[in-house]
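Chemist:
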Amino acid sequence: MPMQRRHSAFLFAVTLWAPVAFAQATPPSGTSDGAPSEAAEPDDAAPGDSEPAPAAAATEAKPPPRTETDDVFSELESSLSGPSSPARSEPTRAKPAGQRGAQSLNPDLAFIADFAAAWFSEREHAQTGGHDPTRTGMNLQALELNARSVVDPYLRFDANLVFAEDGVELEEAYATTLDLPLGLQARFGQLLTRFGRINSTHPHAWDFADQPFALGRIFGAEGNRGLGAEASWLVPLPWYTELVGTVLHADGEGSARSFYGSQELHVDSVTDLLYVTALKQFFELHENWSLLWGLSAAFGPNPNGPDNRTAVYATDLYLKYRPITRESTTQVTWQTEVMHRRRQIPDALLWDVSGYSQVFWRFARRFGAALRYEYGSPAYYASGVVARDPLDPEWTDTRQRMSAALSHWPSEFSRFRLQASRDAGGPTRGVWAAFLTAELVVGAHGAHTF
Amino acid sequence: MSRWIAVLFGWLVLCVSWQASAAVVVVTSTADLASIAKEVGGANVEVTSLALHTQDPHFVDAKPHLAMKLAKADLLVIIGLDLEVGWLPTLQTGSRNGKIQAGADGFLDCSEFVKILEVPAVKVDRSQGDVHPQGNPHYMLDPRQAARVTKGIADRLAKLDAAHADAYRKNALNFIRKLGKATKGWEAQLAKAKGQKVVAYHKSIVYFADWLGLDVVEYIEPRPGIPPNPHHVTHVIEVAKGAGVKSVLQEAYYPSKNSELIAKQTGATLVKIPGAPDFKGGKSYIQHIDGVVRQLAKIYP
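Chains as they are written, first to last, in my numbering: chain A, 4 to 453; chain B, 4 to 304.
Here it is in structure tokens:
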């Protein structure tokens, strides 16, 4: 240590010690036994100032031995009290007690595995989700490999590869901008659109083992996704308002069912693309109560006839009660989505309504229960007469499904779920189903969205 | 038409005022960091904490309006060591604010300033619970680490807002002096607690125990983040009785049912430690630690 620094360290040690020693010599002002005064309100006054150290008498004769506390504070005071200079402005880094984790430029990786033992009362059923249990017996719902990393100061990258029994699927692979001006952000690549609430989420975030049938009915087993680009704007309003616009290819049986679907028709003009727009608004009703309300719409061509188009309008509501102003493990959420689809077919217009409403109650730290009601009308002509839907010709009456689920989390990284449901109407003729699912999360699991 | 122009103009003014602010806008992940940042920044900063002092900082909901706060931030101050990894990255990305992304000057991970404990020397996995591979992140219960954080924040504010650099350093120095005196006082108050055996709920107490020389003989969580089961609670009671434990320590945001049971069965006193100072309510970091020390001083007078 240079001589000058040694001097200053000594001076500050004396400075630090002096008031302590003085306080030790002062008669106690608190309780007679030198214990802290319980009546006194805690305030910013340093206890060393107002409350004498009980051990004062024993150490009056000589200064107390230097402690780590003395060293830490004298070093910090020393570094801050001198004239500021570039050298002094450098942060003081404490020596860690051990080695920090090895640095790596590899992306964060996580595997999420979902397995299900399932039973259906009928061999013919109408599960519509790509990750739903679909057969009596054992099911691999999905093995998802999630990779994410920043690309550079301007972009981050996220990818989800899904391994299923029939192969590997690129679910998502997209870049997100980090620093566009004026509250703008862009995503591009293969992405799930932010249509509604559940479409952009993965099974890990669901309260049930299967996805609402409305999503599969309208967009297909994989939900609304595809190659394309999204722009969003954080509207400068006093409450959270986000405007989202996405453009995608309009084909894909599993992701654009109400549009081109499995027919790979060419893009000859901008009207041959699928456009999705959404307005997301968040209201913090109270610190313990949150409300997210969304409006979404999707527009694109369908293959029923020349210039025939499909439009899907939806609204979603997510109300969450989670006490955070006191100790509690309770969470209650109410989530509802309603979708209204209008499709042109030659010389006619078809419309239908689908949706679901579900309540989830985490009643203990390890347990949660959920109840869901789903509804799907048949397709109607504009006149209100039931139509023969070219996509679901057997869906000629109202379909309703009730599901109940009980989830158990042994830890944050595993979940077991028991679910039962009754599905009737539409393409089904009354199906009971029961699932017992297991989910495992390993690796660097990413952050959750709200 | 003129009405619409007036509305548009008003909105533009709102937008500009929303973006522009004379003070440095500081957003912290936790309320204890907010308290320190305010001590350092004084009138030159606006400070907001994303998590309430009553919230478990591991599990904060990434509510969209928090991204709005980050969108306006000049500086994001975090605990680091993966404490906020389950929620903060979503908000950072959603903020669209390049200034506070990791690696930028407006992003400050305070773990770089502290003496980190419990850095695993061997490979860790989740069989050990929700472990933090880079070390224990609960350092703010040790005022010595808080002092180091204070200087780190002052240095960063001085870099971001050079016009007030001297004020930040002066504020930091004053606060560190005050905290230093308080710390010596607290240590004197709790001199008899040194070496005492305690039970704690979560490994969040490690730095606090290290500072005061407490000996944590058992944790109520069998492993970090794993809720206790009856078998483990029985084990903790046996250990606590055998060791003559006088206090059970836990952060107030953890469920207290098992801690109360253990305290009752062993004759120990349950000490509920607020997760952080009530920053929104005007409580300071020193008041926060002082409150904890007062609780313990009753047990170890």
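Note that the Cβ used here is the ideal one computed from N, Cα and C, for glycine as well.
1) Are the segment 379–390 of chain A and the segment 245–261 of chain A in contact at 8 Å, needing three or more beta carbon pairs?
2) Just the chain A side, please: which residues come within less than 7 Å of MET143 (chain B) by C-beta, in chain order?
3) Which value, in whole angstroms, describes the spacing of the CA atoms of SER38 (chain B) and ARG190 (chain A)?
4) For the alpha helix (DSSP H) that contains LYS301 (chain B), what are its first and last residues?
5) One question on the structure: do PHE453 (chain A) and ALA150 (chain B) come within less than 8 Å of each other, judged by their Cβ atoms?
6) For HIS343 (chain A), I'd like the list of residues in its chain whose CB is within less than 8 Å of its CB, leaving aside the five on either flank, ordered along the chain.
7) Assuming contact is defined by CB atoms lying nearer than 8 Å, are GLN338 (chain A) and TYR324 (chain A) in contact in what I supplied?
8) Could you give the first and the last residue of the continuous alpha helix (DSSP H) run that contains ARG418 (chain A)?
9) Apply the 10 Å Cβ neighbour rule to ALA61 (chain A) and answer buried if 16 or more other Cβ atoms are within range, or exposed otherwise.
10) I'd like the span of the beta strand (DSSP E) that includes GLY245 (chain B), first residue to last.
11) Please report how far the alpha carbon of GLY284 (chain B) lies from the alpha carbon of GLU121 (chain B), in whole angstroms.
12) Going by alpha carbons, who is nearest to LEU3 (chain A) out of A:GLY297, A:GLY255, A:LEU288?
13) So LEU79 (chain A) and LYS162 (chain B) are in contact, right, with Cβ under 8 Å, and what is the actual spacing, rounded?
14) Quick check on SER207 (chain B): buried or exposed, where buried means 16 or more other Cβ atoms within 10 Å of its Cβ?
15) Which residues in the same chain have their Cβ closer than 8 Å to the Cβ of PRO231 (chain B), if we skip the five residues on either side of it in sequence?
16) Pairs of beta-carbons, one from the segment 94–105 of chain B and one from the segment 187–196 of chain B, closer than 8 Å: are there three or more?
17) What three-state label does DSSP hand TYR257 (chain B) in the structure shown?
18) Leaving aside the five residues before and after GLY226 (chain A) along the sequence, list all residues of the same chain whose C-beta is less than 7 Å from its C-beta, in chain order.
19) By how many angstroms is the C-alpha of VAL125 (chain B) removed from the C-alpha of GLN131 (chain B)?
20) Would you kindly work out how many angstroms separate the C-alpha atoms of PHE114 (chain A) and LEU143 (chain A), rounded to a whole number?
21) Return the residue from the list A:THR332, A:ASP400, A:SER261 that minimises the CA-CA distance to ALA300 (chain A).
22) If we ignore side chains and look at the alpha-carbon of each, how far apart do ASP3 (chain A) and LEU55 (chain B) end up?
23) With a floor of 4 residues, list each alpha helix (DSSP H) that falls wholly inside the segment 165–221 of chain A, ordered by position along the chain.
24) Check each candidate in A:LEU187, A:THR137, A:ARG418, A:ALA150 and name the one with the smallest Cα separation from TYR177 (chain A).
25) In angstroms, rounded to a whole number, what distance separates the CA positions of ILE348 (chain A) and GLY308 (chain A)?
26) Between the Cα of VAL444 (chain A) and the Cα atoms of A:PRO206, A:MET141, A:SER124, which residue gives the shortest distance?
27) Could you tell me which residues DSSP puts in a beta bridge with LYS283 (chain A)?
28) Using a Cβ-Cβ distance cut-off of 8 Å, determine whether GLY192 (chain A) contacts chain B.
29) Could you tell me if LYS275 (chain B) is buried or exposed, where buried requires 16 or more neighbouring beta carbons within 10 angstroms of its beta carbon?
30) Please list, in chain order, the residues of the segment 168–185 of chain A that have any C-beta partner in chain B closer than 8 Å.
31) State the DSSP-derived secondary structure class of LYS200 (chain B), mapped to helix, strand or coil.
32) Report the rounded CA-to-CA distance for ASP182 (chain A) versus ALA107 (chain B), giving the unit in angstroms.
33) Mind listing the chain B neighbours of GLU415 (chain A)? Cutoff is C-beta to C-beta under 7 Å, in chain order.
34) Consider the Cβ of VAL154 (chain A): report whether some Cβ of chain B lies at a distance smaller than 8 Å.
35) Should GLU233 (chain A) be flagged as near chain B, meaning a C-beta pair shorter than 8 Å?
36) Would a C-beta distance cut-off of 8 Å place GLN253 (chain B) and SER259 (chain B) closer than the cut-off?
Modeler: In this structure, then:
1) no
2) The contacting residues do not exist; MET143 (chain B) stays about 14 Å from chain A at best.
3) 36 Å
4) 288–302
5) no
6) VAL315, TYR316, ALA317, TRP354, ASP355, VAL356
7) no
8) Note, ARG418 (chain A): premise wrong, no alpha helix (DSSP H); beta strand (DSSP E) at 417–428.
9) Confidence is the limiting factor: at ALA61 (chain A) the pLDDT is only 45, short of 50, which leaves the residue's position unreliable and the question unanswerable from this model.
10) Note, GLY245 (chain B): premise wrong, no beta strand (DSSP E); alpha helix (DSSP H) at 233–246.
11) 33 Å
12) Past the edges of chain A, shown from 4 to 453, lies residue 3 (chain A), and the structure says nothing about it.
13) Wrong, their Cβ atoms sit about 18 Å apart, outside the cutoff.
14) buried
15) ILE223, GLU224, PRO225, VAL239, ASN261
16) no
17) coil
18) LEU195, ASN202, LEU218, SER258
19) 12 Å
20) 14 Å
21) A:SER261
22) One cannot answer for residue 3 (chain A) here, as it falls past the ends of chain A, which runs 4 to 453.
23) 216–221
24) A:ALA150
25) 6 Å
26) A:PRO206
27) A:GLU245, A:GLY297
28) no
29) buried
30) THR179, THR180, LEU181, ASP182, LEU183
31) strand
32) 11 Å
33) ASP133, GLY228
34) no
35) no
36) yes
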